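Trainee:
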Amino acid sequence: MSEDKGFELRFCNSASCALAVVNTEELLPKLEKILENANLGAFYQSLGLKGKKRRCFRVAVAACPNACTQVHIADYGTIGQAVPALEGDCNTCGVCVDVCEEEAITLFEDRFPMINFEYCINCGACIRACPQDALKAESLGYKILVGGKLGRHPMLAKEVFALVSAEKAAEILDKTISFYQKHCKSGERLRVIIEKLGWDTYLAAIS
Ligand code: SF4
Ligand code: SF4
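With the numbering used here applied, the sequence shown corresponds to residues 868 to 1074, in that order.
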């Protein structure tokens, strides 16, 4: 918690979590550097918010889609993603079918697993469970969500990118904070600004 710095960075420890699908130690220093350089504490002070509740830009990092760091109520959040693919010999044991909580896998003609990516949330559980090591992560990265908030008018964050690298995730945070500091005039949350200016305006600013 760094409220005196004008931001909060919540994150899970991917090194000690069996469910983690990405190593967040690669991403965290990049986000921390951007947040420190943004001088958000001084920025909020410069708005002259005396007498009002102190403001805080909230960032949350989760190493898997269980999102235990409450990414959906953060101004900016990342969720680790592991996109599964069959890359080895399958013995049709059906373990992946049983372990998938999203019911995204079926055994095609009892010969090999088929993944329905409309249901798959890239949690990596099937990859971990496959006894043949036949399922691999075809891609690893982060989903990016923006604009979550609680308070008097709570709103869940919206997905703005489905899968990006750690470098890109950091770049999006940097551009998001620049957008925020340009348009925040009275300590309002990022989502309030985006709703006022329009999502297209925000997306153009971070592209
Ligand atoms: S990654 Fe998760 S949601 Fe997707 S198919 Fe595997 S177990 Fe199911
Ligand atoms: S768990 Fe592995 S070996 Fe078993 S059906 Fe799924 S992909 Fe095939």
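Built from N, CA and C at the ideal position, the CB exists for glycine as well. Predicted model, so just to flag it, every value in this text is computed and none were measured.
List in chain order the residues whose CB is within less than 7 Å of at least one heavy atom of ligand 1.
Mentor: Those satisfying the condition are, in chain order, Ala949, Pro951, Cys963, Val966, Cys967, Glu968, Glu969, Ala971, Ile972, Ile982, Tyr986, Cys987, Ile988, Asn989, Cys990, Gly991, Ala992, Cys993, Ile994.
Trainee: Let me see if you follow: with CB-CB separation under 8 Å, is glutamine 948 close to chain D or not?
Mentor: Annotation note: the requested chain D is absent from the structure, which comprises a single protein chain.
Trainee: Tell me where the alpha helix (DSSP H) around serine 881 begins and ends.
Mentor: First-last for serine 881: undefined, no H or E at that position.
Trainee: What is the DSSP secondary structure of serine 1006, reduced to helix, strand or coil?
Mentor: Reduced to three states, the DSSP call for serine 1006 is strand.
Trainee: Would you say leucine 1012 and valine 1059 are within 8 Å of each other, going by their C-beta atoms?
Mentor: No, Cβ-Cβ distance for leucine 1012 and valine 1059 is not below 8 Å.
Trainee: Below 7 Å, is the gap between the Cβ of alanine 1004 and the nearest heavy atom of ligand 2?
Mentor: No, since every heavy atom of ligand 2 falls outside the 7 Å radius drawn around the Cβ of alanine 1004.
Trainee: Compare the beta carbon distance of leucine 907 and valine 926 with 8 Å and say whether it is the shorter of the two.
Mentor: Cβ atoms of leucine 907 and valine 926: not closer than 8 Å.
Trainee: Below 8 Å between beta carbons: does that hold for lysine 900 and alanine 1033?
Mentor: Taking 8 Å as the Cβ cut-off, lysine 900 and alanine 1033 do not qualify as a contacting pair.
Trainee: When you compare only the Cα positions, how much space is there between glycine 873 and glycine 961?
Mentor: Each residue's Cα considered, the two are about 49 Å apart.
Trainee: How many angstroms separate the CA atom of glutamate 985 from the CA atom of threonine 945?
Mentor: The straight-line gap from Cα to Cα measures roughly 20 Å.
Trainee: Would you say the segment 964 to 973 touches the segment 983 to 1001, given that touching needs at least three Cβ pairs under 8 Å?
Mentor: Yes, the segment 964 to 973 is in contact with the segment 983 to 1001.
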